[in-house]
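Undergrad: Sharing a structure with you now.
Structure (structure tokens):
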């Protein structure tokens with residue numbers, strides 16, 4: 002009977018371990034063991050833009066929404082499925098201007114939100130700083146016409162890399 006009980010507990014542990022929040026509890030009469038998955042600092046996170054963003058339409062402090070492009074695994078277990086919400090913040094934004102002034106757009110990728118309410122801190126900086134054409138600027142000065150510079154934008158579904166900022170034990 003004792004062997005059947007131990008075998009049942011091991012089987013139950015295997016089933017529980019395969020769940021997304023990777024919590025395994027093994028109970029014996031005298032001791033309780035709990036094993037949780039930890040996503041290590043520096044783990045690569047692939048994020049994709051949920052919508053197009055433009056330097057001329059954003060301002061510093063605006064939130065940018067992404068989604069998890071690829072699942073995150075610990076060992077051979079997927080611990081965070083793709084599609085989870087990721088949030089970033091605009092750190093620099095400027096529309097392109099006349100006379101070839103370049104547009105700018107920069108943001109940090111900061112947080113990954115899990116279904117259970119847990120938030121994983123991320124680190125990642127991305128920017129687009131487009132240079133105006135010197136020829137356009139010179140021609141503009143001579144012809145007295147106004148040609149706008151190139152705007153900074155990122156298309157929907159553009160993929161970016163971020164990293165887990167610190168070891169994070171999943172609940």
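In the numbering used here, the protein residues as written are 2 to 172. Every residue gets a Cβ at the ideal spot worked out from N, C-alpha and C, and that includes glycine. For clarity, every value in this text was computed on a predicted model and none was experimentally measured.
(1) Which residue wins for smallest C-alpha separation from residue 57, given the options 107, 89, 125 and 88?
(2) Is it right to say residue 28 is buried, meaning 16 or more other beta carbons lie within 10 angstroms of its own, or is it exposed?
(3) Suppose the cutoff is 8 angstroms on Cβ atoms and the five residues either side in sequence are ignored; what does the same chain contact list for residue 74 look like?
(4) Kindly identify the DSSP beta-bridge partner or partners of residue 119.
(5) Quick one: using the 10 Å Cβ neighbour count with 16 as the cut-off for buried, is residue 165 buried or exposed?
(6) Report the partner residues of residue 163 according to the DSSP bridge assignment.
(7) So the beta strand (DSSP E) residue 52 belongs to, where does it begin and stop?
TA: According to the data block:
(1) The count along the chain shown starts at 1 and reaches residue 57 at position 56. Cα-wise, what sits closest to residue 57 is 107.
(2) In the chain shown, residue 28 corresponds to position 27, counting from 1. Legend: pLDDT at residue 28 = 40, less than 50; position of this residue unreliable, value from coordinates given subsequently. Result: exposed.
(3) Residue numbering aside, residue 74 sits at position 73 when the chain shown is read from its first letter. 80.
(4) For the purposes of this step, residue 119 is taken as residue 118 along the chain shown, with counting starting at 1. The partner list for residue 119 (beta bridge, DSSP) is empty, contrary to what the question assumes.
(5) Here residue 165 refers to the residue found at position 164 of the chain shown. The residue is buried, with at least 16 neighbouring Cβ atoms inside 10 Å.
(6) Along the chain shown, one-based indexing puts residue 163 at 162. Bridge partners of residue 163: 46.
(7) One-based indexing of the chain shown puts residue 52 at position 51. Careful: residue 52 lies outside any beta strand (DSSP E) and carries neither H nor E.
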